[in-house]
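Under our numbering, the first residue of the sequence shown is numbered 137, with each subsequent residue one higher. All remarks here apply to the structure that follows.
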Amino acid sequence: MKLNELADIEGATHSRKRVGRGIGSGSGKTGGRGVKGQKSRSGVAINGFEGGQMPLYRRLPKRGFVNIFAKDYNIVSVGRIQQAIDAGKLDAKSAVDFEALKAAGLVRRQRDGIRLLADGELKAKLQITVQGASKAAVEKVEKAGGSVTLPAVAEA
137 MKLNELADIE
147 GATHSRKRVG
157 RGIGSGSGKT
167 GGRGVKGQKS
177 RSGVAINGFE
187 GGQMPLYRRL
197 PKRGFVNIFA
207 KDYNIVSVGR
217 IQQAIDAGKL
227 DAKSAVDFEA
237 LKAAGLVRRQ
247 RDGIRLLADG
257 ELKAKLQITV
267 QGASKAAVEK
277 VEKAGGSVTL
287 PAVAEA
């Protein structure tokens with residue numbers, strides 16, 4: 137097959153509907169938009185408007201709770217760290233912290249810190265500094281001969 141022989145499957149593309157081309161075309165005069173009013177005009181976007189009736193999003197009760205003090209962590213798994221080491225993006229001998237993970241492309245921006253999760257396997261011995269880690273992730277790192285440093289939590 138050659139590039140000039142490539143074509144869409146029959147019926148895959150539709151020709152554009154030419155509106156407003158006379159009454160005999162079937163979509164002339166109002167162009168399939170009905171008669172008058174806001175929605176017959178161009179540039180109309182009235183999402184959620186129900187003609188003056190109370191909109192659905194206002195008829196329904198508010199539900200749930202949003203914690204404004206919740207921490208937003210970058211989540212990094214043990215397996216992804218091992219992949220970065222195998223790919224040569226992360227040096228196993230140096231400390232693994234936010235700067236190292238950002239340079240390796242595992243995180244993009246500093247949020248409230250990094251949380252380490254236990255998904256995947258780890259073979260390299262690492263010194264990891266993160267703001268949070270699951271117990272299973274800490275066990276995997278220590279099993280591989282490394283250590284996880286967490287910030288000291290002030291107890292009240």
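Backbone N, C-alpha and C fix where the C-beta goes; we use that ideal spot for every residue, glycine too.
Straight-line Cα distance separating residue j from residue i
| i | j | result |
| --- | --- | --- |
| A290 | R216 | Bear in mind that a pLDDT of 49 at A290, under 50, signals an unreliable position, so the number given afterwards is only what the model happens to contain. C-alpha separation (whole angstroms): 30 Å. |
| S270 | A231 | 19 Å |
| P197 | G184 | 16 Å |
| L242 | G167 | 52 Å |
| N140 | A148 | 18 Å |
| M190 | N203 | 29 Å |
| R244 | R199 | 32 Å |
Neighbour-count burial assignment, residue i, 16 or more Cβ in a 10 Å radius
| i | result |
| --- | --- |
| A272 | exposed |
| A236 | buried |
| K276 | buried |
| L142 | exposed |
| A240 | buried |
| V214 | buried |
Nearest residue (CA-CA) to residue i, options the options
| i | options | result |
| --- | --- | --- |
| A220 | S151, A260, I159 and R247 | A260 |
| K229 | V155, K238 and I264 | I264 |
| G282 | R199, Q218 and S161 | Q218 |
| A288 | E186, E278, Q267 and A280 | Q267 |
Extent of the continuous beta strand (DSSP E) run through residue i
| i | result |
| --- | --- |
| L252 | I250 to L253 |
| V266 | No beta strand (DSSP E) contains V266, which DSSP labels as neither H nor E. |
Residue range of the alpha helix (DSSP H) that includes residue i
| i | result |
| --- | --- |
| V274 | K271 to K279 |
| Q219 | V214 to D222 |
Residue i beta carbon near the ligand ADP (any heavy atom closer than 7 Å)
| i | result |
| --- | --- |
| V266 | Within the structure as shown, the ligand ADP is missing, as the structure has no ligands at all. |
Residues bridged to residue i [DSSP beta-bridge criterion]
| i | result |
| --- | --- |
| I211 | R251 |
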